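One line per chain: the protein sequences are U and Y, in this order. Sequential numbering from 1092 applies to the first sequence in the numbering used here. Sequential numbering from 128 applies to the second sequence in the numbering used here. Glycine included, C-beta positions come from ideal geometry on N, C-alpha and C. Treat the numbers as computed from the prediction; the structure is a model and nothing was measured.
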Amino acid sequence: MNIFRLAGDMTHLASVLVLLLKIHTIKSCAGVSLKTQELYALVFATRYLDIFTDFISVYNTVMKLIFLGSSFSIVWYIRRHKIVRRSYDKEQDTFRHYFLVLPCLLLALLIHEKFTVKELLWTFSIYLEAVAILPQLVLLQRTRNIDNLTGQYVFLLGAYRSLYILNWIYRYFTERHFVHWITWIAGLVQTLLYADFFYYYFESWKNNVKLQLPA
Amino acid sequence: KEKVPQHDEL
């Protein structure tokens, strides 16, 4: 475990906690895309099947359980909680799941490291994670006014994969640990999707004005 | 021996 990996995991954890905090305390999910949250729940459910088969470390297992638990609770809050669900803007959050899920499924069937169920699901989860933020980014673009917590959530989520890339570079040089090129490409795509958001996030921070995305 | 890719990251 190096500092980049730890920082990446911590920003990932923080992003989820920020979102849960917002939903739980303000009882509102305004500006949050249910589509993105459902895709993340699917990402974790397909990637972390290995908690039943492999043991890596207590840290690893605990983190996996946290990500599974938090993603499914967020989905539950937006769909089922009697107050939170009222703040969900269904009309704006129109991105179609299958538009992302199907291509990722096909790509995983075509490009993978090993043809086993577990490995295919893992590869699928890597592809899906790379693009799962899209419904959320589209929603931000549509609503334009972004509250602080939602902005921080997206920022932390983007920071997480960028730190993972630094972690892969570091591991390559220190441990000669090779991350498969599938992971590299997906990770780079995932990080690049945030480039635009990062730009406006830092601009608003620098000028000390409220974050707004251009129409 | 067969190399099984192990995913030790999250």
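Unbroken alpha helix (DSSP H) run spanning residue i, endpoints
i	result
residue 1145 of chain U	Looking at the DSSP string, residue 1145 of chain U is not in any alpha helix (DSSP H), and its letter there is neither H nor E.
residue 1221 of chain U	1208 to 1222
residue 1271 of chain U	No alpha helix (DSSP H) holds residue 1271 of chain U; DSSP gives it neither H nor E.
residue 1204 of chain U	It is not in any alpha helix (DSSP H) - residue 1204 of chain U carries neither H nor E in the DSSP assignment.
residue 1312 of chain U	Chain U is shown only over 1092 to 1306; residue 1312 of chain U falls outside these bounds and no answer can be derived.
residue 1104 of chain U	1094 to 1117
Residue from the options with nearest C-alpha to residue i
i	options	result
residue 1253 of chain U	U:1099, U:1094 and U:1304	U:1099
residue 137 of chain Y	U:1180, U:1124, U:1120 and U:1134	U:1134
residue 1145 of chain U	U:1107, U:1255, U:1209 and U:1247	U:1209
residue 1096 of chain U	U:1151, U:1128 and U:1119	U:1151
residue 1199 of chain U	U:1213, U:1188, U:1186 and U:1292	U:1213
residue 1105 of chain U	U:1162, U:1147 and U:1117	U:1162
residue 1160 of chain U	U:1149, U:1092, U:1139 and U:1174	U:1139
residue 1119 of chain U	U:1167, U:1148 and U:1103	U:1167
residue 1164 of chain U	U:1132, U:1192, U:1305 and U:1240	U:1132
residue 1179 of chain U	U:1269, U:1262 and U:1114	U:1114
residue 1155 of chain U	U:1259, U:1256, U:1193 and U:1101	U:1101
residue 1185 of chain U	U:1122, U:1263 and U:1298	U:1122
DSSP three-state assignment for residue i, whether helix, strand or coil
i	result
residue 1183 of chain U	coil
residue 1299 of chain U	coil
residue 1151 of chain U	helix
residue 134 of chain Y	coil
residue 129 of chain Y	Confidence at residue 129 of chain Y is low in this model, with a pLDDT of 48, below 50, so its placement is unreliable and the value that follows should be read with caution. Coil.
residue 1276 of chain U	helix
residue 1160 of chain U	helix
residue 1285 of chain U	coil
residue 1188 of chain U	helix
residue 1122 of chain U	coil
residue 1174 of chain U	coil
residue 1267 of chain U	coil
Under 9 Å from the C-beta of residue i: neighbouring residues of chain A
i	result
residue 1101 of chain U	Looking for chain A here will not work: the only protein chains present are U and Y.
Residues near residue i by beta carbon distance below 7 Å, same chain, minus five either side
i	result
residue 1267 of chain U	none
residue 1183 of chain U	1230, 1233 and 1234
residue 1127 of chain U	1223, 1224, 1226 and 1227
residue 1302 of chain U	1237, 1242, 1291, 1292 and 1295
Beta-bridge partners of residue i, as assigned by DSSP
i	result
residue 1236 of chain U	U:1303
Cβ-based neighbour list, residue i, same chain, cut-off 6 Å, excluding 5 preceding and 5 following
i	result
residue 1243 of chain U	1109
residue 1221 of chain U	1277, 1280 and 1281
Contacts around residue i, its chain only, beta-carbon distance under 8 Å, and the 5 residues preceding and following it disregarded
i	result
residue 1203 of chain U	1210, 1211, 1214 and 1273
residue 1177 of chain U	none
residue 1137 of chain U	1212, 1213, 1215, 1216 and 1219
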